[in-house]
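Down below is the structure, laid out as structure tokens.
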Amino acid sequence: MKTLITRETRRVSDDDAALDVAFLALADPVRRNIIARLSRGPATVNELAEPFEISKQAVSKHIQVLEQAQLVTRSRDAQRRPVHLNPARLESLTAWIDQYRLVREGQFRSLDAVLESSAGQAAPKAKDKR
1232 MKTLITRETR RVSDDDAALD VAFLALADPV RRNIIARLSR GPATVNELAE PFEISKQAVS
1292 KHIQVLEQAQ LVTRSRDAQR RPVHLNPARL ESLTAWIDQY RLVREGQFRS LDAVLESSAG
1352 QAAPKAKDKR
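The numbering of the sequence shown is this note's numbering, which starts it at 1232 and goes up by one.
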């Protein structure tokens, strides 16, 4: 059987791969802490390494993983190379999560409505049995 791969299929596959890379990057607690720190503003590798009991090289490798996931960027500022949070990438992850959250919230609201109507119908029957 021949598989038809369209541009749309390839785009979805690329989007899925980008999501996988981003969520794998965020699976590590050190990288999540780095993201949390960068949410307060740019920082150098030395500044990011301060709270951890790991080498600066290890922190640098964590930053590389975050860069590959496009969650952070680096810039040049004279001798410094500050690391910056990429808010657009985080927003795209949030949007992906929100689409499922909104669906589930709608399902829960529908379930609540069914349960409320069932409870409203069951209450008069209980009074009749007394």
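No residue lacks a Cβ here, since even glycine has one placed at the ideal position from N, Cα and C. The model shown is predicted, which means the values in this text are computed figures rather than measured ones.
DSSP places R1305 inside the beta strand (DSSP E), whose first and last residues are V1303 to R1305. Cβ contact annotation for D1259 (same chain, cutoff 8 Å, sequence separation greater than five): H1293 and V1296, in chain order. V1314 has A1274 and R1305 as its beta-bridge partners, per DSSP. CA-to-CA, the gap between Q1330 and R1340 works out to about 16 Å. Per DSSP, reduced to three states, the secondary structure at F1339 is helical. Secondary structure note for I1285: it is in no alpha helix (DSSP H), with a DSSP letter that is neither H nor E. In this structure, L1250 is the residue among L1333, S1349 and L1250 with its C-alpha nearest to the C-alpha of Q1299.
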